[in-house]
Structure formats: C-alpha cells, structure tokens
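Remarks on the structure that follows.
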Amino acid sequence: MVVLPANSLAGKTTFFITPNEFDNLAQGLQTSACMESPALLRGKLNTQLFQMLKKELIDQVSAELSLPKQDVGTALEIMLTTMRDALTDKRRIELRGFGSFSIRSRKERSTKNPKTGAIMNIPERKTVHFTMSRSLKEPLIKAE
Numbered sequence: 014m015v016v017l018p019a020n021s022l023a024g025k026t027t028f029f030i031t032p033n034e035f036d037n038l039a040q041g042l043q044t045s046a047c048m049e050s051p052a053l054l055r056g057k058l059n060t061q062l063f064q065m066l067k068k069e070l071i072d073q074v075s076a077e078l079s080l081p082k083q084d085v086g087t088a089l090e091i092m093l094t095t096m097r098d099a100l101t102d103k104r105r106i107e108l109r110g111f112g113s114f115s116i117r118s119r120k121e122r123s124t125k126n127p128k129t130g131a132i133m134n135i136p137e138r139k140t141v142h143f144t145m146s147r148s149l150k151e152p153l154i155k156a157e
C-alpha cells in the first residue's frame, strides 16, 4: 500500500492500493462484520475510496484558491448548467487537457427481461459520451 502525505489544505491522507490489497481489505471487513458478502463490501469500499463528491470538489477548489465555498459552489453550478445547456443543444464541449463531451444516439434494440424472459424493445435514446484527452489518458495508463 502506498500512503501519500496528508494534503495540508484538505487534511486527508490518500491511499493507493492494489486490487489484491483491495480484496484483502474487503475480506477483512467481511470477517469483522460477519453479515455482508465480500461483493457487497467491495462495492461499499469502492464507493467510499474511489469517488469524489461534488461537495469534496468544492472544498478542494475552495481551499486551493482561498475562495469561499459558496462562491466556488456557485461557479461550479454555472459551469454545469452551461455544459448541460450546450449538450442539450447537441453541441460538443471540449476541455483541452481533460477531454470532450458529446451527444451520441443509441439505436433501438431488443433485449430479454431477466425476470420474465419476455422480449422487449428499448427505444432509441441519446447518451452523453466522454472522450479523454491524451494528456489525461497517458497518466492513467502509467498508473495501472
């Protein structure tokens, strides 16, 4: 397990663990909890260890820029609303050094209902597609 020093602004320690260590941690928690399956615990660990909530993003940006959380939250809301409006208008959003967002159509398809076995049609729908930039992709590949 690799432990990074605590960020003085956020006051948190970041842990990077291998998949095997992750499974061992889930197994250890299952032993102590005795009630939940390893898969359920793995899901809970995954949620707790590997996600960043909007509030945490606001806290981190606020601390980094020494701005009030309310101002950062307002700026983030404006940014997300602007992105939502652009995507609704079928416009592509490019954030250089990060990636791009675009709208794609998923064709109508047939599938089987797992409970009843009945064939059902799923209508065509629009989805948001994200493409990583090369400068984001390369560090992620090296981190594996």
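Residue numbers (the numbering used here): 14 to 157.
Virtual Cβ for every residue (Gly too), placed ideally from N, Cα, C.
A quick note: this is a predicted structure, and the numbers were derived from the prediction, not measured.
In the pairwise beta carbon analysis, the region 70-87 is classified as not touching the region 106-119: fewer than three pairs are separated by under 8 Å. For Asp102, the closest of Ile116, Glu151, Glu69, Arg147 by C-alpha to C-alpha distance is Ile116. About 7 Å separates the beta carbon of Ile135 from that of Glu121, a gap short enough to meet the 8 Å contact definition.
Sequence-distant Cβ neighbours of Ala99 in its own chain, meaning closer than 6 Å and more than five residues away, are Ile106. DSSP places Arg147 within a helical segment (H, G or I) once states are collapsed to three.
For Leu108, the secondary structure class from DSSP, reduced to helix, strand or coil, is strand.
Annotation: the region 80-127 contains the following complete segments of the alpha helix (DSSP H) (minimum length 4 residues), in chain order: 82-101. Nearest Cα to Lys139 within the set Pro152, Phe114, Gly110: Phe114. Under DSSP, Lys139 forms a beta bridge with Ser118. A residue is called buried once 16 or more other Cβ atoms fall within 10 Å of its Cβ, and Ile71 is buried on that count. Looking from the CA of His142, the closest CA among Met92, Arg97, Ile91, Leu78 belongs to Arg97.
Excluding five sequence positions before and after Arg119, the CB atoms of its chain that fall closer than 6 Å to its own CB belong to Arg138, Thr140, given in chain order.
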